[in-house]
Amino acid sequence: MSETVRLYFDVDGEDFTSAGQASVQVKKSLRQLGIPPEIIRKVSIAMYEGEINMVIHAGGGKAEVLICEDCIEIHLWDSGPGIANIEQAMQEGFSTAPDAIRSLGFGAGMGLPNMKRYTDEMKIESEPGKGTDITMRVYL
Amino acid sequence: MTINKMAEALSLRPLAVPEGERACSGVYIGDLLSWVMGRAQSGNVWITIMSNINIVAVASLTDVSCIVLAEGVVPEEDVVRTAEQKGINLFCAKEPAYELAVRLNGLGI
């Protein structure tokens, strides 16, 4: 996996209305690099869901995207409350989001399932009280 | 069919139309943004009553061809401005989502 481009973002946890800025920037960069549209769609959706999760649950976090010869790797990490039961959190419809977030159309329990759906590989490491670390890959 | 022709045929009220000559195909109706993220297809006409600023990012990332706000929902000015800036076509209509979908079906979309 030889790395060609690396993008790094601080995801602001304070401003829910600006959530998605990193994903939109990644989409733009991938387009400039001539990555196929369906791959761009998969990467940007998976990343947006991750970004939203960090804003909703963890007060923000960090994101890094590596664009390699054979794949695009998305790495997201935060210092939030962590996920107590990852298997449960991966089920469609399971959500711990507050009502205020649901009223905006998020928190339907589709975030992690969508991230898995749109990537070829996904690894979650989380420790309650310490944070969550997610790595996803989409192969080119 | 282009967005401009579709919008004219349905008498939609244009709010931002930066990509009016884009083609549209298929329809997706939904208000839960993560469901839309997971299910809407590239090129779809997305009908919703959700009007907060996040709809612009969702439309951009799913690559739908436009957003149609149904049932007379009108967004805040910053949503319209952001849609224009991000190249997202945004319309509103008085009809409910079902009626709009039926009419879109009649157009062959």
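Heads up: the sequence lines are chains Z and S, in that order.
When we follow numbering that gives the first Met the number 0, the leftmost residue of the first sequence carries the number 0, and every step to the right adds one.
When we follow numbering that gives the first Met the number 0, the leftmost residue of the second sequence carries the number 0, and every step to the right adds one.
A virtual CB, placed ideally from N, CA and C, is assigned to each residue, including glycine.
Note that the structure is a prediction, hence the values are computed from the model and not measured.
Inset, instruction - Please classify LYS129(Z): does DSSP put it in a helix, a strand, or coil? - result: Three-state result, LYS129(Z): coil.
Inset, instruction - Please name the residues in the segment 7-41 of chain S whose beta-carbon is closer than 7 Å to at least one beta-carbon of chain Z, in chain order. - result: For the segment 7-41 of chain S, which is checked against every Cβ of chain Z, the residues closer than 7 Å are ASP30, LEU31, LEU32, SER33, TRP34, MET36, GLY37 and SER41.
Legend entry - Reduced DSSP category for MET109(Z) - H, G, I as helix; E, B as strand; rest coil: If DSSP states are grouped into helix, strand and coil, MET109(Z) belongs with coil.
Inset, instruction - Taking C-beta pairs closer than 7 Å, name the residues in chain Z that SER64(S) reaches, listed in chain order. - result: Chain Z residues near SER64(S): none, gap ~13 Å exceeds 7 Å.
Inset, instruction - Using only alpha-carbon positions, find the residue among SER24(S), GLY105(S) and VAL73(S) that is nearest to MET49(S). - result: For the options SER24(S), GLY105(S) and VAL73(S), the alpha carbon positioned closest to that of MET49(S) is the one of VAL73(S).
Inset, instruction - Compare the C-alpha of LEU32(S) against each of VAL137(Z), ILE51(Z) and GLN24(Z) and name the closest. - result: Looking only at VAL137(Z), ILE51(Z) and GLN24(Z), the smallest Cα-Cα distance to LEU32(S) is reached by ILE51(Z).
Legend entry - Short-range partners of chain S found in the segment 92-111 of chain Z, where Cβ spacing is below 7 Å: For the segment 92-111 of chain Z, the beta-carbon criterion of a distance under 7 Å to any beta-carbon of chain S is satisfied by LEU103, GLY104, PHE105, ALA107, MET109 and GLY110.
Inset, instruction - Could you tell me which of ALA56(S), VAL63(S), GLU20(S) and ARG21(S) sits nearest to ARG38(S), measuring between CA atoms? - result: It is VAL63(S).
Inset, instruction - Report the option in ILE55(Z), ILE39(Z), GLU63(Z) and LYS129(Z) whose CA atom is closest to the CA atom of VAL4(Z). - result: If we check each option's Cα against that of VAL4(Z), GLU63(Z) comes out closest.
Legend entry - chain S residues whose Cβ lies nearer than 9 Å to that of ALA88(Z): The contacting residues do not exist; ALA88(Z) stays about 13 Å from chain S at best.
Legend entry - Cα-Cα separation, ILE21(Z) to LYS61(Z): It is worth fixing the name first, because residue 21(Z) is Ala in this sequence and not Ile. Cα-Cα distance, rounded: 10 Å.
Inset, instruction - Flag this pair as touching only if the segment 68-75 of chain Z and the segment 80-89 of chain S have three or more C-beta atom pairs under 8 Å; answer yes or no. - result: Between the segment 68-75 of chain Z and the segment 80-89 of chain S there are fewer than three inter-stretch CB-CB distances shorter than 8 Å, so the stretches are not counted as touching.
Inset, instruction - Could you confirm whether any beta carbon from chain Z is found closer than 7 Å to the beta carbon of LEU68(S)? - result: Look at LEU68(S): its C-beta is not under 7 Å from any C-beta on chain Z.
Legend entry - Cβ-Cβ distance between VAL10(Z) and GLY58(Z) below 7 Å: The Cβ atoms of VAL10(Z) and GLY58(Z) do not sit closer than 7 Å to each other.
Inset, instruction - Throw me the rounded Cβ distance for the ILE55(Z) and ALA88(Z) pair, which I believe falls under 8 Å. - result: Not really, about 13 Å apart at Cβ, beyond 8 Å.
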